[in-house]
Amino acid sequence: CVGCDGSTAFSERDCAGACEGTFHTDLDGTCCDAINGTDCLGDCGGSYSEGWNNVNRNYKVCCANVDCNYVCNGHAEIDGCDVCSEGDTGHEYNSDKDCNGDCFGNVTCAPTPA
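All residue numbers for the sequence shown refer to this note's numbering, where the first residue is 1 and numbers rise by one.
In structure tokens:
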């Protein structure tokens, strides 16, 4: 018995015809790159992502909506300084802006007079 690479070891072609390739056929019959072209459900071009099941990060699950802190159906989002904030991050939205509104700036606000 000869494999697709000409050796006697077992080898086979993927759906794109490459010997021992990385392409696979999903449930819809679409052939795509199993490493870069599928979501966590194995769907070619799918939109599901792997994320934590909850804020305790007990285990990962496959879900439709993952926030920037990798929590399924979480509420964290990227703020004006490109920092993942709110949700369960412990980081307040836009808290890295100084009094001039500059991200990571060094202008300190004067106290408001009483």
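Heads up, the beta-carbon is just placed ideally off N, CA and C, and yes, glycines get one too.
Exercise. Determine the contact status of Cys-31 and Thr-22, defining contact as a CB-CB distance below 8 Å.
Key: Counted from its first residue, the sequence shown places residue 31 at position 31. Counted from its first residue, the sequence shown places residue 22 at position 22. For Cys-31 and Thr-22, no; Cβs fall outside 8 Å.
Quiz prompt | Whole-angstrom distance between Glu-12 and Gly-6, CA atom to CA atom | solution = In the sequence shown, residue 6 corresponds to position 6, counting from 1. In the sequence shown, residue 12 corresponds to position 12, counting from 1. So the alpha carbons of these two residues sit roughly 10 Å apart.
Exercise. Could you please give the first and the last residue of the uninterrupted beta strand (DSSP E) stretch that includes Cys-63?
Key: Walking along the sequence shown from the start, residue 63 turns up at place 63. Where Cys-63 is concerned, the enclosing beta strand (DSSP E) stretches over 60-63.
Quiz prompt | Which of helix, strand or coil DSSP assigns to Thr-25 | solution = Within the sequence shown, residue 25 is the residue found at index 25, counting from 1. Of the three classes helix, strand and coil, the one that applies to Thr-25 here is strand, per DSSP.
Quiz item: Measuring CA to CA, which of Cys-81, Trp-52, Ile-35 is closest to His-196?
Solution: Here the chain has residues from 1 to 114 only, and residue 196 is not among them.
Practice problem: Give the single residue among Lys-60, Arg-57, Glu-92, Val-71 whose Cα lies nearest to the Cα of Asp-79. | Solution: Here residue 79 refers to the residue found at position 79 when the sequence shown is read from its first residue. Nearest C-alpha to Asp-79: Glu-92.
Quiz item: Which of helix, strand or coil does DSSP assign to Val-107?
Solution: Counting from 1 along the sequence shown, the entry for residue 107 is found at position 107. Correct three-state label for Val-107: coil.
Quiz item: Which residues does DSSP pair with Ser-85 in a beta bridge?
Solution: Within the sequence shown, the letter at position 85 stands for residue 85. Paired residues: Glu-77.
Quiz item: Exposed or buried, which one is Thr-38 when buried takes at least 16 other CB atoms within 10 Å?
Solution: Here residue 38 refers to the residue found at position 38 when the sequence shown is read from its first residue. Buried.
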